[in-house]
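A.B. asks: Position 107 of the sequence shown, counting from 1, maps to 139 under the numbering used here, and the rest follow consecutively.
Each residue gets a CB set at the ideal place from its N, CA and C atoms; glycine is no exception.
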Amino acid sequence: MDAHSTRIQALFDTTEQVAAFVLTQFLSKNFAISRKVDGSEVTNVDIEAERIARKTLLEQFPDDCFLGEESGGVAGTSGYRWVVDPIDGTASFARGVPLFGTLIGLEYENKPFAGMAVLPALGERISAVQGQGAMHNGAPAKMSEVSTLQNTMICTTSFDYYRQTGSESLHKKLMECAGSTRGWSDCYGYLLLCTGKIDGVVEPLLHPWDVIPWLPIITEAGGQFSPIAQGGIASSAQLHDTLYHALHDDITN
33 MDAHSTRIQA LFDTTEQVAA FVLTQFLSKN FAISRKVDGS EVTNVDIEAE RIARKTLLEQ
93 FPDDCFLGEE SGGVAGTSGY RWVVDPIDGT ASFARGVPLF GTLIGLEYEN KPFAGMAVLP
153 ALGERISAVQ GQGAMHNGAP AKMSEVSTLQ NTMICTTSFD YYRQTGSESL HKKLMECAGS
213 TRGWSDCYGY LLLCTGKIDG VVEPLLHPWD VIPWLPIITE AGGQFSPIAQ GGIASSAQLH
273 DTLYHALHDD ITN
């Protein structure tokens, strides 16, 4: 296999491996919870799961870059970068709520071209490789065909993040323009989006590991993503301009 193909297989295998470890720990309920400097929760499982991913990937590809939520970055020279969120949805994980997942994305020359998300407690997995479509549990993944705002269901996140980023007006505008909104956030919201069950996701605060694994999946499932200030908007391609411009006046760039 060529360099891309070898890494794509490693992405699939490692995401499954890490997600299986995370699920075992979730079911055991034997983990410690603490808080980071920014106030967000972290468990010893987050840290160990990322260690497994980092060790597995860099042993195979020692010249690659690596970026993880918990351990930060490792420089490389190959042009490839792995982006890992070992548990996206730690707050859910820590409370016994099954809406969490393991995310791994792969970039080449700063462009994301493959990504995978496994939500192990739900038995859900979704992945994409640039130009090859998105796959959900072995079948093609496609976004909804809703194109008018009044018919949309949009997912967003905790109002705390709107307050933290000073974008309360964006939240208000979203409540006004969307047909309905729901609070399914983290990886579960993007899973719903990329499988056509909801029509958009609006996030006021995102980090690279939150979204880079999803970018190829969003695109290959028929969607678009636009950064907004510290966050982003994702939706189907036919809805995207309408949603973005409806919120535009309340987006601080």
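Whole angstroms is fine: what's the gap from ASN285's alpha carbon to ASP117's?
C.D. replies: Below a pLDDT of 50, predicted positions are generally treated as unreliable, and ASN285, at 47, falls in that range; no measurement from the model is reported.
A.B. asks: CA-CA distance, ARG127 and LEU43?
C.D. replies: C-alpha separation (whole angstroms): 28 Å.
A.B. asks: As a quick exercise: from ILE40, ALA166, GLU141, ILE119, pick the residue whose alpha carbon is nearest that of GLY228.
C.D. replies: With distances taken between Cα atoms, GLY228 lies closest to ALA166.
A.B. asks: Can you tell me which of ASN62, ASP70, MET33, ILE84 puts its alpha carbon nearest to the alpha carbon of SER51?
C.D. replies: Here the sequence assigns Ala to residue 51, which means Ser is not the residue at that position. Nearest option by C-alpha distance: ILE84.
A.B. asks: Per DSSP, LEU275 is paired with what?
C.D. replies: DSSP, once it has assigned bridges, lists no residue as partnering LEU275.
A.B. asks: For GLN256, which of helix, strand or coil comes out of DSSP?
C.D. replies: Three-state result, GLN256: strand.
A.B. asks: On the three-pair Cβ rule with 8 Å, is the segment 177-184 touching the segment 85-95?
C.D. replies: No, the segment 177-184 is not in contact with the segment 85-95.
A.B. asks: Hey, out of VAL234, VAL178, VAL74, whose CA is closest to HIS280's CA?
C.D. replies: Checked all of VAL234, VAL178, VAL74; the closest Cα to HIS280 is VAL234.
A.B. asks: Counting pairs of beta carbons, one from the segment 143-155 and one from the segment 202-216, are three or more of them closer than 8 Å?
C.D. replies: No, the segment 143-155 does not touch the segment 202-216.
A.B. asks: Once you ignore the five residues that flank ILE119 on each side, which residues in its own chain have a CB closer than 8 Å to its CB?
C.D. replies: Excluding positions up to five away in sequence, the list reads VAL54, THR75, VAL77, ASP78, ALA81, PHE125, PHE132, GLY133, THR134.
A.B. asks: Can you list, in chain order, the residues of its chain with a C-beta nearer than 6 Å to that of GLU200? Leave out the 5 residues immediately preceding and following it.
C.D. replies: Excluding residues within five positions, the ones whose Cβ falls inside 6 Å are TYR194.
A.B. asks: What is the DSSP secondary structure of SER124, reduced to helix, strand or coil?
C.D. replies: Three-state result, SER124: helix.
A.B. asks: Since GLY263 and LEU223 are thought to touch, with beta carbons under 8 Å apart, how far apart are those beta carbons, to the nearest angstrom?
C.D. replies: Not confirmed; about 18 Å, so no contact.
A.B. asks: Measure the CB-CB distance between ALA173 and ALA253 and report whether it falls below 8 Å.
C.D. replies: Taking 8 Å as the Cβ cut-off, ALA173 and ALA253 qualify as a contacting pair.
A.B. asks: Which residues does DSSP list as the beta-bridge partners of THR75?
C.D. replies: DSSP, once it has assigned bridges, lists ILE65 as partnering THR75.
A.B. asks: Is DSSP giving ASP34 helix, strand or coil here?
C.D. replies: Note: ASP34 maps to coil in three-state DSSP.
A.B. asks: Can you give me the Cβ contacts of ARG66 inside the same chain, cut-off strictly under 7 Å, excluding the 5 residues immediately before and after it?
C.D. replies: Note that residue 66 corresponds to Ser in the displayed sequence, not to Arg. Same-chain partners within the cutoff: VAL74.
A.B. asks: Taking the alpha helix (DSSP H) that GLY221 falls in, what are its first and last residues?
C.D. replies: 218-226 is the span of the alpha helix (DSSP H), which, as asked, contains GLY221.
A.B. asks: Straight-line CA distance for LEU247 to LEU138?
C.D. replies: Answer to the nearest angstrom: the Cα atoms are 10 Å apart.
A.B. asks: Count the other CB atoms, across all protein chains shown, that sit within 10 Å of the CB of GLN92; report buried if there are 16 or more and exposed otherwise.
C.D. replies: Per the 10 Å Cβ criterion, exposed.
A.B. asks: Apart from the five residues just before and just after ARG39, which ones in its own chain have a Cβ nearer than 7 Å to its Cβ?
C.D. replies: Correct list, in chain order: PHE93, TYR112, LEU138.
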